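One line per chain: the protein sequences are A and U, in this order. The first sequence begins at 413 in the working numbering and counts up one residue at a time. The second sequence begins at 413 in the working numbering and counts up one residue at a time. We treat Cβ as the ideally placed atom computed from N, Cα and C, and that holds for glycine. All of these numbers come straight from a predicted model, not from anything done at the bench. Quick notes on the structure that follows.
2 protein chains.
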Amino acid sequence: MTGRARRQQVIIDILQRQPVDSQEELRQSLAGRGIEVTQATLSRDLRELGAAKTPRGYQLPSGTTPGRSESARALTPLARTMASFVTDIQTACNTIVLRTGPGHAQIVALEMDRAGLVGVVGCLAGDDTIFVAVASAQRAKELTRELLGLAELAGAGR
Amino acid sequence: MTGRARRQQVIIDILQRQPVDSQEELRQSLAGRGIEVTQATLSRDLRELGAAKTPRGYQLPSGTTPGRSESARALTPLARTMASFVTDIQTACNTIVLRTGPGHAQIVALEMDRAGLVGVVGCLAGDDTIFVAVASAQRAKELTRELLGLAELAGAGR
DNA sequence: GGTCATGGTGCATGATTATACGAGGATTGC
DNA sequence: GCAATCCTCGTATAATCATGCACCATGACC
Chain A
413 MTGRARRQQV IIDILQRQPV DSQEELRQSL AGRGIEVTQA TLSRDLRELG
463 AAKTPRGYQL PSGTTPGRSE SARALTPLAR TMASFVTDIQ TACNTIVLRT
513 GPGHAQIVAL EMDRAGLVGV VGCLAGDDTI FVAVASAQRA KELTRELLGL
563 AELAGAGR
Chain U
413 MTGRARRQQV IIDILQRQPV DSQEELRQSL AGRGIEVTQA TLSRDLRELG
463 AAKTPRGYQL PSGTTPGRSE SARALTPLAR TMASFVTDIQ TACNTIVLRT
513 GPGHAQIVAL EMDRAGLVGV VGCLAGDDTI FVAVASAQRA KELTRELLGL
563 AELAGAGR
């Protein structure tokens, strides 16, 4: 009985790393980390966390932070840039769209290019928007989660 | 008489006015406005709109706007701009690409942003080209048709 | 210790949402 | 016209989620 708080912390971590489309899927991910609970408990946890079920999986409300536990990666230039300028990230099939403040898209795109993110086919930046073409929809999903983390946005829309 | 687009506009309107906790509740609100459909249809509509089910009811993704209340759809700024500057429209999966005369892309993209088209995740304009990322390939198709109409291009794309 | 209140959980089940399938209408090409 | 196609939607049902209830553990209090 490691505790509810800890479990919810792990749930946050999982949701930020990978797309989760159902509570059953989440249950299995938790089991993989040695935490076994029923779907009913997850239903309660997700409500308490304020998680939303979107067509692209469960999303945490913005402001939810991962327990610095495992996500403690030193801040890369990309992370700093993203956290500073990116205001929103959305996925659509195999394309990721990032929004920034006016005039900042170029800077962010430059850093993304330098970072050499796996699966990224190319970036195209305007004034406040960046399109990222990704090799596959699947990879786009994953990448979006990662980028949301870097940008410290936690949840996508609203 | 494509009730679908109209219905989705009404759904957006309802979701922005009052909390809706279930599709059944939404169904009743729609019925109150004279639109009668089944829960299955709403499930599809909500997915296309990208709506998320949160502990506080259904939420629309940021950027979704109420859209012209159908009646005022006569000659919008978007329609005028599109008809004036857009020379070609093509769809690729979930991305729509519009071509304009040299230097006109920015103007058109600006109007598209203002229009708050349903399903549009973001626009990016160069000099004579505009990329539009759409939430789904399905929605991209529909939107392309609508845009072709606005641009008075008949069957340009495809 | 005994009793009570509180919080967290599983189980079973009700409520809600998603989807496979097919019908009906519109459009296109012949 | 007629067949082929594409859309949209309802029906039926599967899949998923929420919750009433009971149980157990813990801690406060007598």
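Ranked by Cα distance from A:Gly561, the first of A:Ala495, A:Phe543, A:Leu536, A:Asp540 is A:Ala495. Exclusion of the five residues before and after U:Arg445 leaves Val422 as the residues of its chain whose Cβ lies within less than 7 Å of its Cβ. Assigned with DSSP and collapsed to three states, U:Asp500 falls in strand. For A:Val509, the uninterrupted beta strand (DSSP E) segment begins and ends at 507 to 512.
The beta-carbon of A:Pro431 is placed no less than 8 Å from the nearest beta-carbon of chain U. When U:Asp500, U:Gln471, U:Arg456, U:Phe497 are compared, the shortest CA-CA separation from U:Gln550 is found for U:Arg456. For U:Ile542 and U:Val498, the gap between their C-alpha atoms comes out near 10 Å. Taking CB atoms only, A:Phe543 has a neighbour in chain U less than 8 Å away. Counting along the chain, the unbroken alpha helix (DSSP H) around U:Gly444 starts and ends at 435 to 444. Within the DSSP secondary-structure output, U:Val544 pairs in a beta bridge with U:Ile508, U:Cys535. Burial state of U:Ala552 is buried, judged by a 10 Å Cβ sphere holding 16 or more other Cβ atoms. Contacts between A:Val520 and chain U, judged by CB atoms closer than 8 Å, are missing: the closest CB pair is about 13 Å apart.
When the alpha-carbon of A:Ala452 is set against those of A:Leu559, A:Thr556, A:Glu436, the nearest one is in A:Glu436. A:Asp540 and A:Val449 have their C-alpha atoms spaced approximately 43 Å apart. Near chain A, meaning a CB-to-CB distance below 7 Å, the residues of the segment 452 to 467 of chain U are Arg459, Gly462, Ala464, Lys465, Thr466, Pro467.
Taking CB atoms only, U:Val533 has a neighbour in chain A less than 8 Å away.
Excluding the 5 residues flanking it on each side, A:Leu559 has same chain C-beta neighbours closer than 6 Å at Ile501, in chain order. Against chain A, the CB of U:Val509 has no partner CB under 8 Å away; the residue lies outside that interface.
In the structure shown, the three-state DSSP call for U:Gln471 is strand. Per the DSSP secondary-structure output, U:Ala464 pairs in a beta bridge with U:Gln471. If you compare the alpha carbons of A:Val544, A:Met524, A:Arg511, A:Val520 with that of U:Asp525, the shortest gap goes to A:Arg511. Chain A has no Cβ within less than 8 Å of the Cβ of U:Gln435.
Nearest CB-CB separation between A:Ala443 and chain U: not below the 8 Å threshold. Around U:Val546, the beta-carbon contacts reaching into chain A at under 7 Å are Ala504.
Each of A:Gln471, A:Ala464, A:Ser441 was checked against the Cα of A:Arg557, and the nearest Cα belongs to A:Gln471. Straight through space, the alpha carbons of A:Arg418 and U:Gly415 are spaced by roughly 48 Å. The beta-carbon of A:Gln471 is placed less than 8 Å from the nearest beta-carbon of chain U.
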